[in-house]
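The structure appears right after this line, and notes come after that.
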């Protein structure tokens, strides 16, 4: 079974390039160029140099003593929260801004939900001296206010989106509309493994540094490079693909993705795509998405702004459809409880997105000799108000 992209941009039946004609030249230019650029020695040297000296990689793989004792197994936490900007998102924005420069683009646009991708994009634009516009749902600008201010400090223009549910889906819609009107000098840095080919594959390659490091770090710590389980949260799915990438073709490694259950899968207020979705086209690719009988997107809900998305990336859809990965979902309440558990047991306050991954610890069975890696995709600074409003600590 092939779990990776084919020459036409598909993962099994999912993927492809479903875009307006006006965007075709931009996306085709990217498709024709991205592999030769990112695989060149000059690109790799600059990319890896910035990841080391600017982002702060490699991030630690931390053995969680108290959680391991509590769950009677060996739990390692991949500390993506310790990256510059506070999440995994910067791995991708560093790669894409270097690619944009090679393509002679002068301006950058992005969408953001939790704000971490927006902050990471604004950060690299400041680093490279490029103009930056970030589209963000109006609802998310309120619940993620600290990140809005960070983006502005970094020189980005934050554009509130008031259509639809005023969250991540709608921010992506507006970013695509803007790109259609400004195709020549603008590069769109998509923040997840979604969108038309080659974005899902390109973002996955930039995020694969996570699992490359996990493999090397486990070899040092345990004497073997393969964990038994890798757990990560999934909205669009970039941190999860990053954590899974090196292990996708290793069948003995269980890949476990945790979606946002919201107020419950049957509540009508959820973002659990694999439980509720069906095949359709969303934001330029064929994938699984939440839609009604008429093909209209069903508004998602999650307490976490970064998981508040009605679909998943096409590679995740393929991993789900083939059974290669197990997809679970955690409710808002389960995620908040798990976030507080990590805070109290290990002294680490996670992003609410990441807390969904830790909620899986209560759903799974472990043996004492297993090695379990949980990807901590971001830190919880941006979510303090949500934790405070929840108030159960």
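Residue numbers (the working numbering): 1 to 393.
From the three backbone atoms N, C-alpha and C, an ideal C-beta is built for every residue, glycine too.
Remember, it's a predicted structure, so these values are computed and weren't measured experimentally.
- Of 367, 330 and 376, the smallest CA-CA separation from residue 351 is found for 376.
- Between residue 192 and residue 242, the C-beta gap is not smaller than 8 Å, which leaves the two residues out of contact.
- When DSSP states are grouped into helix, strand and coil, residue 106 belongs to the coil group.
- Of the candidates 224, 264, 214 and 268, 214 places its Cα closest to the Cα of residue 245.
- In this structure, residue 131 lies near residue 106, with their beta-carbon atoms less than 8 Å apart.
- Straight across, the Cα-Cα distance linking residue 49 with residue 57 is about 10 Å.
- Residue 77: member of the beta strand (DSSP E) spanning 74-79, first to last residue.
- Note on geometry: alpha-carbon atoms of residue 280 and residue 286 lie some 6 Å from one another.
- Counting only residues of its own chain and dropping the five nearest sequence neighbours on each side, residue 17 has a CB closer than 7 Å to the CB of 9, 27, 196, 197 and 284.
- Cβ neighbours of residue 225 within its own chain (closer than 6 Å, five residues either side excluded): 215, 218 and 219.
- Secondary structure of residue 341 (DSSP, three-state): helix.
- For the options 368, 33 and 381, the alpha carbon positioned closest to that of residue 68 is the one of 368.
- Exclusion of the five residues before and after residue 390 leaves 336 as the residues of its chain whose Cβ lies within less than 7 Å of its Cβ.
- Ranking 366, 349 and 122 by CA distance to the CA of residue 388 puts 349 first.
- Going by beta carbons, residue 330 and residue 14 fall outside the 8 Å limit.
- Taking residue 63 as the centre and dropping the five residues before and after it, the same chain places the C-beta of 76 closer than 6 Å to its C-beta, in chain order.
- Distance from residue 332 to residue 298 at the Cβ level is roughly 17 Å; contact not present, criterion being Cβ atoms closer than 8 Å.
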